[in-house]
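A short write-up of the structure that comes next.
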Amino acid sequence: MGLLGNIFGSKKDTLQSNAQGQGPLYSWLGTDMHNHVLPGIDDGSQDVETSLEFLRRYHRLGFRQVIASPHIRYPQFENNREKIKAAFEALENAPGRKEIPVKLVYSAEYYLDEHFLELLNNDQLLPFGDNYLLTELSLGHRSFLDMDQLINKFFEKGLRPILAHPERYLYWNKMPDMFEKLKSRGWLLQVNLMSLLGYYGKPEQKMANHLLDEDLVDFIGTDAHKLKHFDIIAGIDDKLLQKLKSKYLVNNLITV
Ligand SMILES: [Fe+2]
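The sequence shown finishes on residue 264 if you use the numbering used here, and the numbering steps up by one all the way, no holes.
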């Protein structure tokens, strides 16, 4: 196997892994930067045992780095840097954790609202990698925030904002130029793997594919909340896998 084969895994390996429904399907991606692996602080994993199983599943799928991104969304998920750090440490210090060769770090998924603006103004955020910050909007209604004004605030603080799962904001479906506009202003876009696999529904799948085809996607994330989500992402077909591999994705470049 040549150097590239060593780094990215051979096609034969991928096909074999796929046929078995497990194996290093995602070793070419390496990093998952969107998930709810930390125990007991949002609507993801509820206890340390489940979080350990998340990490084992990541390892089996070929991921080497996991950036935990619990929700910070008041009043539903009243998380802050201290709570997130405590959940991270509980997982890192759990018996059995050292046997799972996956590097874990923590950041957050920030809901864009007044509370977020306060955190931004007071420099109380938790960026990851090269100052990336994962953010999300309401799935049900348009934000009152002006995305153009907001990005200037990010840049003033030296942050690189990522918008999580743009394909799930169905109120933008009739505004197809929205995504180009966001990208041209400097927003990075992160599509959910499970959107591409049709888990949330047809409109999300169609939009996720559109974004991918138009080369508007910067990151791919699992957004895993439950163990069953790993079964879903393990079921990716080879056509989609090859398409994803052919795209430029920032995940590969993150060092944590
Ligand atoms: Fe999420």
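Ideal Cβ positions, reconstructed from N, Cα and C, are used throughout, including at glycine.
Problem set entry | Pick from F187, D138 and E117 that is closest to A219, judged by C-alpha positions | The question names Ala, yet the displayed sequence has Leu at residue 219. It is F187.
Problem set entry | Any non-hydrogen atom of ligand 1 within 7 angstroms of E117 CB | yes
For this session: Evaluate contact between the segment 228 to 236 and the segment 48 to 59, counting only Cβ atoms and requiring at least three cross-stretch pairs below 8 angstroms.
Result: yes
For this session: Pull up the distance between the alpha-carbon of I108 and that of N200, whole angstroms please.
Result: 24 angstroms
Exercise. Which residues mark the beginning and the end of the alpha helix (DSSP H) in which A102 is found?
Worked result: That residue, A102, is in no alpha helix (DSSP H); it is neither H nor E in DSSP.
For this session: For the beta strand (DSSP E) holding E86, just list the boundary residues, first then last.
Result: Note, E86: premise wrong, no beta strand (DSSP E); not H, not E.
Exercise. Can at least three beta-carbon pairs, one atom from the segment 41 to 48 and one from the segment 83 to 103, be found at a separation below 8 angstroms?
Worked result: yes
Exercise. Say the cut is 7 angstroms; is the CB of S203 nearer than that to a heavy atom of ligand 1?
Worked result: no
Exercise. Is H79 buried or exposed, if buried means 16 or more other CB atoms sit within 10 Å of its CB?
Worked result: buried
Exercise. Could you check where the beta strand (DSSP E) with N200 kicks off and where it finishes?
Worked result: L196 to N200
For this session: Starting from E144, follow its DSSP beta bridges and name the residues at the other end.
Result: Y119
For this session: Under 8 angstroms by Cβ, that's how I've got L196 and D226 pegged, so tell me the actual separation to the nearest angstrom.
Result: 4 angstroms
Problem set entry | Neighbour-count burial assignment, S115, 16 or more Cβ in a 10 Å radius | buried
Exercise. Residue ranges of each alpha helix (DSSP H) run of no fewer than 4 residues wholly in the segment 224 to 261, ordered along the chain?
Worked result: 236 to 242 and 246 to 253
Exercise. Do G194 and F163 come within 8 angstroms of each other at the CB atom, strictly closer than that value?
Worked result: yes
Problem set entry | The beta strand (DSSP E) enclosing R72, as first and last residue numbers | From DSSP, R72 is part of no beta strand (DSSP E); its letter is neither H nor E.
For this session: Could you tell me which of P32, G104 and R89 sits nearest to P135, measuring between CA atoms?
Result: R89
For this session: Could you name the residues of the same chain whose beta carbon sits closer than 8 angstroms to that of L205, not counting the 5 residues immediately before and after it, in chain order?
Result: Q213, I240, I241, G243, I244 and L248
Exercise. So R168 is in the alpha helix (DSSP H); what residue range does that whole segment cover?
Worked result: Careful: R168 lies outside any alpha helix (DSSP H), inside the beta strand (DSSP E) at R168 to A172.
Exercise. Looking at D40 and ligand 1, is the gap between the Cβ and the nearest heavy atom below 7 angstroms?
Worked result: no
For this session: Tell me where the alpha helix (DSSP H) around L220 begins and ends.
Result: K210 to D221
Exercise. How is R81 classed by DSSP in three states: helix, strand or coil?
Worked result: strand
Problem set entry | Simplified DSSP state of F187, which is helix, strand or coil | helix
Exercise. Just how far apart, CA to CA, sit W36 and G70?
Worked result: 8 angstroms
Exercise. Just to check, is the beta-carbon of A76 closer than 7 angstroms to a non-hydrogen atom of ligand 1?
Worked result: no
Problem set entry | Which of helix, strand or coil DSSP assigns to T263 | coil
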